[in-house]
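First the structure, in the form of structure tokens, and then the observations on it.
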């Protein structure tokens, strides 16, 4: 009888251990981030505006454009409405390096490293005490 109880106890322990190990694997698979960033663009609208020489108030945004598995472009975008027409123009502020380990993105810009976290369509970056949220463009 003791052998039967001992066998049941061992099988129960094995089942619990298997369940715990499989749960942690399932949790890792539930990370809401893409497997790759190549070909994706993410936009942060600063909420700030400037006034041009033509007295047009324009907004400022920053776009991150992931071109390869290790390089991304930073584009500065400005846009506004003049004569009921919305126009956006911009310029490339440079190409920089990044590493991606789902869901973390580490950016290296001018020797400085910053790490962001992707959750769904949001890339959250905390820098100098400020939180910046980029939204994935479709």
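Numbering (the numbering used here), first residue to last: 195 to 332.
Every residue, glycine too, gets a C-beta built ideally from N, C-alpha and C.
Nothing here was measured: the structure is a model prediction, and the numbers come from that model.
Residue i, DSSP secondary structure in three states
i: residue 255; result: strand
i: residue 226; result: coil
i: residue 263; result: coil
Close Cβ partners of residue i (< 8 Å) along its chain, the five nearest in sequence each way excluded
i: residue 240; result: 253, 254, 255 and 256
i: residue 307; result: 300 and 301
i: residue 230; result: 263 and 294
i: residue 316; result: 327, 328, 329 and 330
For residue i, the first and last residue of its enclosing beta strand (DSSP E)
i: residue 310; result: 306-313
i: residue 250; result: No beta strand (DSSP E) contains residue 250, which DSSP labels as neither H nor E.
i: residue 232; result: Premise fails: residue 232 is in no beta strand (DSSP E) and is neither H nor E.
i: residue 330; result: 324-330
i: residue 302; result: 298-303
i: residue 246; result: Taken as a continuous stretch (DSSP letters only), residue 246 belongs to no beta strand (DSSP E), as it is neither H nor E.
Other residues of its chain near residue i: CB distance less than 6 Å, five sequence neighbours each side excluded
i: residue 323; result: none
Short Cβ contact (8 Å threshold) for residue i with residue j
i: residue 330; j: residue 234; result: yes
i: residue 287; j: residue 312; result: no
i: residue 243; j: residue 249; result: no
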